[in-house]
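Scroll down for the structure; my scribbles are underneath it.
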Amino acid sequence: MVYLYTIIKSNSYDEVGVNKMDFRKFRLIYGGIALSLIVSGCTYAEKEKAAEGAVGNLVAASETTAAPSTFAAAIREYILKDSSNTVLSPEKIGSLDDRILKLARNEIFARHGYVFKQKDLQNYFAAKPWYHADSAYKEHLSPTEKQNVALLRDYEAKYADYKLEPSHTDDVHLRGYTGDSGFKQKKMNVDLNGDGREEEIQLIPPVTELGAFNLKVNNITMEVGSELLPYLDIDDPYFEIALQMDSQMDFLRSTSFYAYDGETLKQIGELPDFSAHSSMYDGHGRVVSAKESNNFQTWFRDSVFRLDAEHSLHEEQQDFYPMEPPTPLTIKKEIAVQFHKDGTDEAFSLEPGDNVKFLGDDKLGHIKLQTSNGKEVWYTIGDEYVDYSSFFDGLILYD
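Those letters in the sequence shown? Residues 1 to 399, by UniProt numbering.
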């Protein structure tokens with residue numbers, strides 16, 4: 001599958017006449033390998049407070065040699081600069097994510113001074129130098145604007161039917177797409193860096209079965225490869241690109257993100273699993289991705305990545321990674337546990353036949369369990385490999 005998307009921050013962004021929608025993608029199947037190309041938006045974590053209403057965008061592609069970062073800290077003025085006087089087409093909006101579509105639709109009304117009731121939309125449009133609130137405006141639109149609003153609403157509805165949802169009842173971090181993504185475009189004309197000029201974007205499939213995919217932005221072409229393995233903010237001018245690889249093997253799924261500054265196209269992050277969906281990022285540079293862990297049982301932690309001032313994604317260390325839902329286990333061999341993972345209290349034993357729940361870990365070898373009487377305790381695993389199925393019955397072992 002190949003997908004081309006665009007993503008930005010929003011809590012709802014559906015002020016004028018449409019229901020809340022979800023972010024989606026288009027597919028192109030080749031040789032059993034699924035790739036997705038998406039356009040979306042994010043912000044730098046350092047600028048969240050200073051640019052609280054502004055919106056940026058995200059795009060993903062593959063690895064390339066890039067010049068030093070020239071990404072600016074300005075704010076994008078328009079989602080779709082000419083939507084008030086030019087009829088939109090699927091090639092211009094068909095791979096924008098649902099949040100950007102909602103902002104683009106409301107942008108048409110904002111040009112007339114529509115007074116928004118939702119705080120997030122108030123903040124977003126108040127940051128635009130061209131926006132002037134007009135309480136006398138009564139939602140009158142030109143024929144071109146009406147046609148564009150209808151098209152944007154239609155694509156929001158298409159996204160609503162294409163979802164990223166938990167695919168396993170015993171681990172909600174494992175997610176899969178449901179619905180038909182056939183409406184997604186294989187080519188797009190999108191202003192990626194906010195300079196008012198549209199870029200021509202295309203994901204080109206390989207000529208042979210063992211060949212590589214190529215991502216093309218204007219005259220820049222980079223090989224992204226069919227073996228790609230293991231987004232973002234709204235406060236800057238950029239729409240990033242997400243190249244998503246699907247696989248029947250969960251641990252081979254990945255999402256790579258790319259950004260274009262007008263001259264160079266660079267990879268800004270390579271994340272495991274599916275991250276190119278508005279439910280996986282907050283629009284302020286924070287992106288969630290599921291990463292496999294098998295040091296105790298096979299499960300997927302939600303790992304958090306954040307866009308930095310250099311416009312790159314880096315994983316943040318978390319104090320605790322929860323298992324959702326907790327895995328019910330039965331003790332098979334006596335184990336020693338403590339109430340504090342730092343070992344400051346005396347250890348005690350859980351006996352064969354005791355029922356516990358695996359609540360998660362800290363990725364440092366400390367496993368949190370909940371006993372049958374509701375107490376939370378810590379179990380420390382060793383550095384060497386141990387078959388924990390001999391100590392616990394009920395472990396999830398996908399592989």
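A virtual CB, placed ideally from N, CA and C, is assigned to each residue, including glycine.
Closest to Ala312 by CA distance: which of Glu200, Gly285, Lys332 is it? According to the sequence as given, residue 312 is Ser; it is not Ala. Nearest option by C-alpha distance: Gly285.
Here's a check: name, in chain order, each residue in its chain whose Cβ is nearer than 6 Å to the Cβ of Ile331, leaving out the five neighbours to either side. Once the five neighbours on either side are set aside, the close Cβ partners of Ile331 are Leu350, Pro352, Asp354.
Which one of Thr255, Lys363, Met280 has the shortest CA to CA distance from Leu271? Thr255
With distances taken from CA atoms, which of Ile75, Gln317, Asn85, Thr298 is nearest Leu395? Thr298
Asp302 - containing beta strand (DSSP E), residue span: 299 to 307
Please state whether the Cβ-Cβ distance between Pro322 and Gly360 is less than 9 Å. yes
Starting from Ile335 and walking both ways along the beta strand (DSSP E), at which residues does that stretch end? 335 to 337
Examine the Cβ distances between the stretch 161 to 179 and the stretch 141 to 153 and report whether three or more of them are shorter than 8 Å. no
Give the single residue among Ser83, Gly176, Lys216 whose Cα lies nearest to the Cα of Leu151. Ser83
Check whether the stretch 151 to 160 touches the stretch 124 to 133, taking contact to mean three or more Cβ pairs, one atom from each stretch, closer than 8 Å. No: fewer than three Cβ pairs fall under 8 Å.
In angstroms with no decimal places, state the Cα-to-Cα distance between residue 413 and Lys368. Because the chain here runs from 1 to 399, residue 413 falls outside it and cannot be looked at.
Just mark His277 as buried or exposed, buried being the case when its beta carbon has 16 or more other beta carbons within 10 Å. When all chains shown are included, His277 counts as buried.
Decide if Phe320 is buried, meaning its Cβ has at least 16 other Cβ atoms within 10 Å, or exposed. exposed
Closest by C-alpha distance to Tyr385, when choosing among Asn294, Gly211, Gln244: Asn294
DSSP state of Arg105 mapped onto helix, strand, coil: helix
Between the C-alpha atoms of Tyr379 and Lys357, what's the straight-line distance to the nearest angstrom? 12 Å
Does the pairing of the stretch 180 to 194 with the stretch 83 to 96 give three or more beta-carbon distances under 8 Å? yes
Taking all protein chains shown into account, do 16 or more other C-beta atoms lie within 10 angstroms of the C-beta of Leu121, making it buried, or fewer, making it exposed? buried
Give the C-beta separation of Phe257 and Leu164 to the nearest angstrom, bearing in mind that I take them to be a contact with Cβ-Cβ under 8 Å. In fact, because the Cβ distance is near 16 Å, the residues do not count as touching under 8 Å.
What are the complete alpha helix (DSSP H) segments, minimum 4 residues, inside the stretch 109 to 133? 119 to 126
Nearest to Asn85 (by Cα), restricted to the options Ala336, Gln244, Ile108: When each option's Cα is compared against that of Asn85, the closest is Ile108.
Closest to Ser40 by CA distance: which of Asn219, Gly176, Thr208, Gln244 is it? Gln244
Distance cutoff 9 Å, beta carbons only. Does Asp354 sit that close to anything in chain B? As a matter of chain content, chain B is missing from the structure shown, which is built from one protein chain.
So, helix, strand or coil for Ser389, using DSSP? Under the three-state reduction of DSSP output, Ser389 falls in the helix class.
What does a CB cutoff of less than 7 Å around Ser167 pick up in its chain, not counting 5 residues either side in sequence? The residues are Leu174, Arg175, Gly176.
Measuring only the C-alpha atoms, how far is residue 400 from Tyr281? A query on residue 400 cannot be resolved here, the shown segment of the chain reaching from 1 to 399 and no further.
Terminal residues of the alpha helix (DSSP H) in which Gln147 lies: 143 to 160
At what residues does the beta strand (DSSP E) containing Glu315 begin and finish? 313 to 316
Just to confirm the assignment, what range does the alpha helix (DSSP H) spanning Glu351 have? Segment: none, Glu351 is in no alpha helix (DSSP H) and carries neither H nor E.
Supposed contact pair Asn218 and Glu199 - C-beta distance, whole angstroms, cut 8 Å: 5 Å
Locate the beta strand (DSSP E) running through Pro90, then write down its first and last residues. Not the beta strand (DSSP E): Pro90 falls in the alpha helix (DSSP H), residues 90 to 93.
Neighbour-count burial assignment, Asp180, 16 or more Cβ in a 10 Å radius: By the 10 Å Cβ count, Asp180 comes out exposed.
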